[in-house]
Amino acid sequence: MENEKKSVVLSCIQPTAVPTLGNYLGALKNWKYMSEDYECYYAVADLHAITVRQEPAKLRKQTMEMYALLIALGLDPEKNVVFVQSHVPEHSQLSWILNCYTQFGEASRMTQFKDKSQKHADNINVGLFDYPVLMAADILLYQADFVPIGADQKQHLELSRNIADRFNQVYSPTFVVPEPFFGKVGAKVMSLQDPTKKMSKSDTNPKASIGMLDTPDMIVKKFKSAVTDSEAKVYYGDGKDGINNLMTIYSACTGLDYAAIEKEFDGKGYGDFKAAVAESVVDSLRPIQDEFNHLINDKAYLEQCAKMGSEKASYTARKTLRKVMKKVGFWQV
Ligand code: ATP
Ligand code: MG
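Note that the sequence shown ends on residue 582 in this note's numbering; no numbers are left out.
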């Protein structure tokens, strides 16, 4: 159905470090699936990244690398809109307006703010607090129907929905109220060193997460040292956070369900299981890594794609922003 209007999808990833296996299984893998059937807007969220202090040269490099990685995942820059957030000024503009439709109390309840302000106690800036409102702007600008996110972003998306609802009620229907979209498995990948915490690309312990560009050797080593338990029996259950996490990863990479995994490793030790998990991850990442290594040497092509992406994104974003400004009562000339 060529002419049928497709549902719109938006999702962002911060260029704070090389994305992790958590980012891949929780979010990026779905980006690829969704890019076939939806009108997709995918952004490298550099505005979000500076809520935590970044080294300028590193941020620039990481932004380009993240962009290349998105293309390497198989997102077609012609078919989808793949762009860098700061290239589209409407994000900041709408974010300011939405600030005035967000209650201090509701923003204060965001658990990521609490977590991150503990982690960065020396730099609890207003941007860190305001992060979810910028995220609402990202989503609402494109009138997104669905937002593929990992479970860690559920609360933020709920806030975006509340802001959209509120604005629509104060004025008249303006924004589509977005729905979350979670993948079937692997929605939340936990740290390999502390499986009660989510795997995060900005984690300072390199053993805690698998980077999407890690070599097979590194991947094998990190899984070998993953924290488990002393029971030495592979099954999904209470008090087995480490093994549960490895099962989630293995399941997401192989397509096997938990029962099949339990059967496969019946009578085998954690050593065998960890080696198999590592291998499944290496195999899943290999084609993406190969493509990335090829693309990263073609700067001109990447720049051309990023320009095309921001032009397409701006076109849609401007339409929404004008509508919002008119409703709020700004003099438009
Ligand atoms: P940072 O530590 O810089 O916040 P992050 O790993 O949390 O990095 P984000 O850029 O904040 O990554 O998020 C990108 C996407 O990855 C989001 O959709 C988020 O829900 C998803 N995601 C992040 N961490 C995980 C995880 N451990 N498991 C599943 N999905 C995740
Ligand atoms: Mg995050």
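Ideal Cβ positions, reconstructed from N, Cα and C, are used throughout, including at glycine. This structure is a prediction, so every number in the text was calculated from the model and none was measured.
Given 8 Å as the limit, is there contact between the segment 266-286 and the segment 455-470, that is, 3 or more CB pairs closer than that?
yes
**Q.** Contact test: Ser246 Cβ vs the ligand MG heavy atom, cutoff 8 Å
**A.** The question about residue 246 has no answer, for the chain in this structure spans 250 to 582.
(request) Sort Asn542, Ile492, His369 by Cα distance to Glu314 and report the nearest one. (result) Position 65 of the sequence shown, counting from 1, holds the residue named residue 314. Among Asn542, Ile492, His369, the Cα nearest to that of Glu314 belongs to Asn542.
- [ ] Pick helix, strand or coil for Lys447, following the three-state DSSP scheme.
- [x] Counting from 1 along the sequence shown, the entry for residue 447 is found at position 198. Note: Lys447 maps to strand in three-state DSSP.
- Message: Less than 8 Å between C-beta atoms, sequence neighbours within five positions excluded: which residues of the same chain meet that for Leu308?
- Response: Counting from one through the sequence shown, the residue named residue 308 turns up at place 59. So the list reads Pro264, Asp295, Ala298, Ile299, once near-sequence residues are dropped.
Q. Hey, quick one: how far does the beta strand (DSSP E) through Leu259 stretch, first residue to last?
A. Taking the sequence shown and counting its residues from 1, the one referred to as residue 259 is at position 10. It spans 257-262 - the beta strand (DSSP E) in which Leu259 sits, taken as one unbroken run.
| request: Would you kindly check if the distance between the Cβ of Met496 and the Cβ of Gly271 is under 9 Å? | output: Working through the sequence shown from its first residue, we reach residue 271 at position 22. Working through the sequence shown from its first residue, we reach residue 496 at position 247. Cβ atoms of Gly271 and Met496: not closer than 9 Å.
If distances are taken between C-alpha atoms only, which option among Ala524, Glu428, Ser256 comes closest to Ala475?
Stepping through the sequence shown from its first residue, residue 475 is reached at position 226. Nearest option by C-alpha distance: Ala524.
*Should Arg571 go down as buried or exposed, given a rule of 16 or more other Cβ atoms within 10 Å for buried?*
Counted from its first residue, the sequence shown places residue 571 at position 322. Its Cβ having fewer than 16 others within 10 Å, Arg571 is exposed.
**Study point:** Helix, strand or coil at Thr223 [DSSP, three-state]
**Key:** Since the first residue shown for the chain is 250 and the last is 582, residue 223 is missing from the structure and cannot be characterised.
Exercise. Decide if Val257 is buried, meaning its Cβ has at least 16 other Cβ atoms within 10 Å, or exposed.
Key: In the sequence shown, counting from the first residue as 1, residue 257 sits at position 8. So Val257 counts as buried.
Give every residue of the same chain whose Cβ lies closer than 6 Å to the Cβ of Glu304, excluding the five residues on either side of it in the sequence, and list them in chain order.
For the purposes of this step, residue 304 is taken as residue 55 along the sequence shown, with counting starting at 1. If we look at Glu304 and ignore the five residues flanking it on each side, it has no Cβ neighbours.
Is it true that the CB of Gln538 sits closer than 9 Å to the CB of Ala386? Here residue 386 is taken as the residue at index 137 of the sequence shown, counted from 1. Here residue 538 is taken as the residue at index 289 of the sequence shown, counted from 1. No. Outside cutoff.
Sequence-distant residues of the same chain with beta carbon closer than 8 Å to Tyr550, five excluded per side: Position 301 of the sequence shown, counting from 1, holds the residue named residue 550. Excluding sequence neighbours, Tyr550 sits near Leu544.
Review point. Start and end of the beta strand (DSSP E) containing Ala292?
Key: As a working mapping, residue 292 is identified with position 43 in the sequence shown. Its beta strand (DSSP E) spans residues 288-293.
Given this structure, state the Cα-to-Cα distance separating Met283 from Tyr391, to the nearest angstrom.
If you number the sequence shown from 1, residue 283 lands on position 34. If you number the sequence shown from 1, residue 391 lands on position 142. Going by the C-alpha atoms only, they are around 16 Å apart.
| field | Strand pairing of Val330, partner residues [DSSP] | value | As a first step, residue 330 is located in the sequence shown; it is residue number 81 there, counting from the start. Answer is Tyr290.
Q) Whose C-beta lies closer than 6 Å to the C-beta of Leu389 among residues of the same chain, with five residues either side of it excluded? A) The sequence position of residue 389 within the sequence shown is 140, counting from 1. So the qualifying residues of the chain are Ala413, Phe424.
Please say whether Ser409 and Met384 have beta carbons closer to each other than 9 Å?
Within the sequence shown, the letter at position 135 stands for residue 384. Within the sequence shown, the letter at position 160 stands for residue 409. Yes, Cβ-Cβ distance for Met384 and Ser409 is below 9 Å.
Query raised in the report: Would you call Met250 buried or exposed, if buried means 16 or more other Cβ atoms sit within 10 Å of its Cβ?
Result: To locate residue 250, count along the sequence shown from 1; it is residue 1. In this predicted model, Met250 has a pLDDT of only 47, less than 50, meaning its place in the structure is not dependable; the value taken from the coordinates is given anyway. It is exposed - the Cβ of Met250 has fewer than 16 other Cβ atoms within 10 Å.
_the segment 332-342 / the segment 559-567 touching (three or more Cβ pairs under 8 Å)_ = yes
Report task. Excluding the 5 residues preceding and the 5 following Asp506 in the sequence, name in chain order all residues of the same chain whose CB lies nearer than 8 Å to its CB. Result -> One-based indexing of the sequence shown puts residue 506 at position 257. Counting only Cβ-Cβ distances below 8 Å, and skipping sequence neighbours, we find Ser500.
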